[in-house]
Amino acid sequence: MNAVVAAVLQIVVLIAALALTVPLLGRYLAHIYTSEKHLRAEKVAYRVLRVDPDADQHWRSYALAVLGFSLVGLLFLYLLARTQQWLPLSLGFDPFPSDGAWNTAVSFVANTNWQWYSGEVAAGNLLQMAGLTVQNFVSAAVGMAVAAAFARGLARGRGQGDRQGRGRVGNFWADLVRGVVRVQLPISVVSALVLIASGTMQTLRSHQTISTLGGGEQTVTSAAAASQEVIKELGTNGGGIFNVNSAHPWENPTPFTNMLEIFLILIIPFAMAWAFGLIVRDRRQGGAILATMAVLLLGGTALLTWAELAGPGTAPQLAGGAMEGKETRFGEAASALFAAATTGTSTGAVNAMHDSLTAPGGGITLFMMMLGEVAPGGVGSGLYGMLMLAIVTVFLCGLMVGRTPEYLGKKIGRHEISLVAVYILVTPILVLVGAAVAVSFPAGPEGILNSGAHGFSEMLYAVTSAANNNGSAFGGLTSGTPFWNTLLGVLMLFGRFVPLVVVLALAGRFASTRPLPVGAGTLPTHRPLFVALLTGVTLVVVGLTYVPALALGPIVESLS
Amino acid sequence: MNDIYALLRHSWAGLRVLIAATLVLGLGYPLLVTGIAQVAFPWQANGSLVTADGSHTTDPSEAAGSALIGQVNDDSALFYPRPSAAGDGYDTLSSYGSNLGPEEPALIDAIKERKAEVAAREGVAAADVPADAVTASGSGLDPHISPDYASLQVARVAKANGLTEAKVRELVADSTEGRTWGVLGDAHVNVLLLNIAVKQAAH
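Taken in sequence, the protein lines are chains A and B.
Mapping to the working numbering: the first sequence position 88 is 88, numbers consecutive.
Heads up: take any position in the second sequence, counting from 1, add 560, and you land on the working numbering.
Here's what the structure looks like:
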């Protein structure tokens, strides 16, 4: 079969799988984030842990719970990384240096999972399981919880008999526990076993040396890979067990596991959009958000697939194909599809080295992240990110016709739009200031591998990935230095928690406001026209911020 | 002040939840999955190891490699894998792609060099050398080559082992997997399994 036809059909298989499952999972998510009933096991856990799962928290209290929980997670992970030499199952590895432990602790708590170290020679099994795997679950559940809180804030007062929320947005502990116990854990166990049956490693043995066919030596590195691989994708985390992440055959052994991993990356972010429609009691609203995410992702996928199959550039042309940094079993198309999914969401796992993508291909992965991780974005964070852009869209349209804008009947006044403006501006400021800092100090460019414009792209990619909580890299950059570890740690921390608090503040605000009745001047936010407007606003508002920076990197490289 | 007090109170609750999460998700979940895997899929779970005669094993001392991990080949009678950027080649302790960009002079030179080398080794024109033969994989551990690259090596391997080209082609076909379901990924030939088959046929 022709490679292009196969590439298209491969995308069709993915779309079909998502179309069948997203509505089901979406309905389930909407149920668990609105139900007042607890499972028996959950009740026991709440009692033992002495947390109140029924208090309807004010947004401030909800935000402080998120921050408190994340702070404790950060400190715990830092300690674990600093002391692994004394802990069991650590394969004899040294402790992380302080800057490295800071970077990793922030990275996994902020759902970024940027990695400066090579897992197979630096992170022991205990750190991987008790530290990193745990944050893979809970940092993702935090994102889902905040998105659910925002959806509930918008929904308050929209139903019959509903009272205004007075800033109340739900219960963080119940949201957190339900996201993990009822969604992530069951999907993870089943998917992990499917991966293992297909060849993914899952062992707690120590490293073993074998003698090869030609008489050489090779090490069978040991890892509980499958259990972490699954939640790494499902929670849009992305931190690999091994250095080369999902390109490693012991993580991602076949074209089938590759497709399963892409599916896992996309399922929750899309399902959250579907759940949103159900939570606000208007399915079409969720449909419009989901459609916008899908349009952006499909566009990115098409361009990336084209770039990698066509293989422009000196090296790919000379070699006869863009296979540098790609695995034979995946080829160009399945590598491009994975790259689009991992950067369209805030996952950051890779099955091919993004540094070796073609110039336009690498540029698109950067651009997908710069969109702010909304196509379809991280679990939860993609939904609230896209909703912020939806509010910008109704605001802009309101300005054009001279009416006070509203979204789902909630008035967008000065206070609301100010919060949205903060949300929209934080990440670009972090990226651009971060890039400026990186080029201004000698320690920044010291890490560069490639020469010329591509070297600048490596740094731009790193700060973009960190501030947007993606975690993938142009891996040529040597980032395991105090400078990069510190800088990227700061970007990841602020890139995660500032927007998150703003979203909760806005959720509280919406929960307190009475919805306006739909009038003749209300902009319908569920029609194809709105999908087109929202897509346009996303591309223009967010994309244009970065054009000058992109021009210095991938654009000039593409033109050379 | 109130906020700081509330943050501390929530952090304390957060610590209790985190400890529970660490027990359930950090130990219970991976141990459960490992336990099931070691009973139900021991071969895959322990690295898909194969012996020198191609049979499955979970014992590293019997193994001649993993069906999922490529190996350095120094034997001109066997099939060569792709170039590897992992350590000195196929080093599982330093999995790595070259990370060189499409315009990087070092990569362009390496491709030129490899092209000439493969063409000379197989006695073909440089233009006939496929892309995977001259590019390093993402993992540096790629166990596969393309059917094109395998087919390029058939004549040399057949001659060196006293086999007919038809026989070697048959062995290549046995080690080849097409796209999964006709559409996923790309066609690939497992080099280690193929080389084991060649050695057995040559006996």
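Think of the CB as a built atom: it goes at the ideal place given N, C-alpha and C, for glycine as much as any other residue.
Item	Value
Near residue 384 of chain A, what residues of its chain come up, given a Cβ to Cβ distance below 6 Å and the 5 sequence neighbours on each side ignored?	147, 150, 503
For residue 326 of chain A, which residues in chain B fall below 7 Å Cβ to Cβ?	697, 698
Buried or exposed: where does residue 43 of chain A fall if 16 or more other Cβ atoms within 10 Å of its Cβ makes it buried?	exposed
If you follow the alpha helix (DSSP H) that residue 138 of chain A is part of, which residue opens it and which one closes it?	134-155
Does the region 319-329 of chain A come close enough to the region 285-302 of chain A that 3 or more CB-CB pairs lie under 8 Å?	no
List the endpoints of the continuous alpha helix (DSSP H) containing residue 440 of chain A.	414-440
Of all Cβ atoms in chain B, is any one closer than 7 Å to the Cβ of residue 137 of chain A?	yes
Cα separation between residue 734 of chain B and residue 754 of chain B?	8 Å
Counting only Cβ pairs nearer than 8 Å, list the residues of chain A close to residue 594 of chain B.	202, 203, 204, 224, 227
Please go through the same chain and pick out, in chain order, the residues whose beta-carbon is closer than 7 Å to the beta-carbon of residue 443 of chain A, but skip the five residues on each side of it.	481, 483
From residue 296 of chain A to residue 302 of chain A, what does the alpha carbon distance come to, in whole angstroms?	10 Å
Assess, as a yes-or-no matter, whether the region 464-481 of chain A is touched by the region 340-356 of chain A under the definition of 3 or more beta carbon pairs within less than 8 Å.	yes
Here's the rule: buried if 16 or more other CB atoms are within 10 angstroms of the residue's CB, otherwise exposed. What is residue 10 of chain A?	buried
Please name the residues in the region 602-621 of chain B whose beta-carbon is closer than 8 Å to at least one beta-carbon of chain E, in chain order.	This model lacks chain E altogether, as its protein chains are A and B.
Using alpha carbons as the reference points, say which of B:751, B:737, B:622 lies closest to residue 713 of chain B.	B:751
Please identify, using Cβ separations under 8 Å, the residues of the region 693-724 of chain B that lie next to chain A, in order along the chain.	694, 695, 696, 697, 698, 699, 700, 701, 702, 703, 704, 705, 706
Measuring alpha carbon to alpha carbon, tell me which of B:627, B:687, B:719, B:720 ends up nearest residue 321 of chain A.	B:687
How about residue 237 of chain A and residue 125 of chain A: do their beta carbons lie closer than 7 Å?	no
On the DSSP letters alone, give me the boundaries of the alpha helix (DSSP H) that residue 713 of chain B sits inside.	707-721
Do you know offhand how far residue 425 of chain A's Cα is from residue 629 of chain B's?	45 Å
Going by DSSP in three states, residue 493 of chain A sits in which element: helix, strand or coil?	helix
Exposed or buried, residue 161 of chain A, counting other C-beta atoms within 10 Å across all chains shown (16 or more means buried)?	Below a pLDDT of 50, predicted positions are generally treated as unreliable, and residue 161 of chain A, at 48, falls in that range; the measurement from the model is reported next regardless. Exposed, by the Cβ-count rule.
How about residue 210 of chain A: is its C-beta nearer than 7 Å to some C-beta of chain B?	yes
Are there 16 or more other CB atoms within 10 angstroms of the CB of residue 760 of chain B, so buried, or fewer, so exposed?	exposed
Taking Cβ positions only, does residue 748 of chain B come closer than 7 Å to chain A?	yes
Tell me the DSSP secondary structure of residue 11 of chain A in three-state form.	helix
Considering Cα atoms alone, identify which of A:259, A:94, A:92, A:138 is closest to residue 17 of chain A.	A:259
Going by DSSP, what residue range makes up the alpha helix (DSSP H) through residue 766 of chain B?	The structure shown does not extend to residue 766 of chain B, since chain B spans only 561 to 763, so no value can be given for it.
Quick one: residues in its chain with C-beta nearer than 6 Å to the C-beta of residue 393 of chain A, no 5 flanking neighbours on either side, listed in chain order?	533, 534, 537
Could you give the distance in angstroms between the alpha-carbon of residue 566 of chain B and the alpha-carbon of residue 61 of chain A?	8 Å
From residue 436 of chain A to residue 39 of chain A, what distance separates their C-alpha atoms?	50 Å
Expressed to the nearest angstrom, what Euclidean distance is found between the alpha-carbon atoms of residue 228 of chain A and residue 413 of chain A?	44 Å
At a Cβ cut of 7 Å, what residues of the region 18-48 of chain A count as close to chain B, listed as they run along the chain?	45
Under 8 Å Cβ-Cβ, which residues of chain B neighbour residue 353 of chain A?	657, 658, 659, 698
How close, in whole Å, do the beta carbons of residue 736 of chain B and residue 749 of chain B come, if the pair is a contact with beta carbons under 8 Å?	5 Å
With 16 other CB atoms within 10 Å as the buried threshold, where does residue 190 of chain A fall?	exposed
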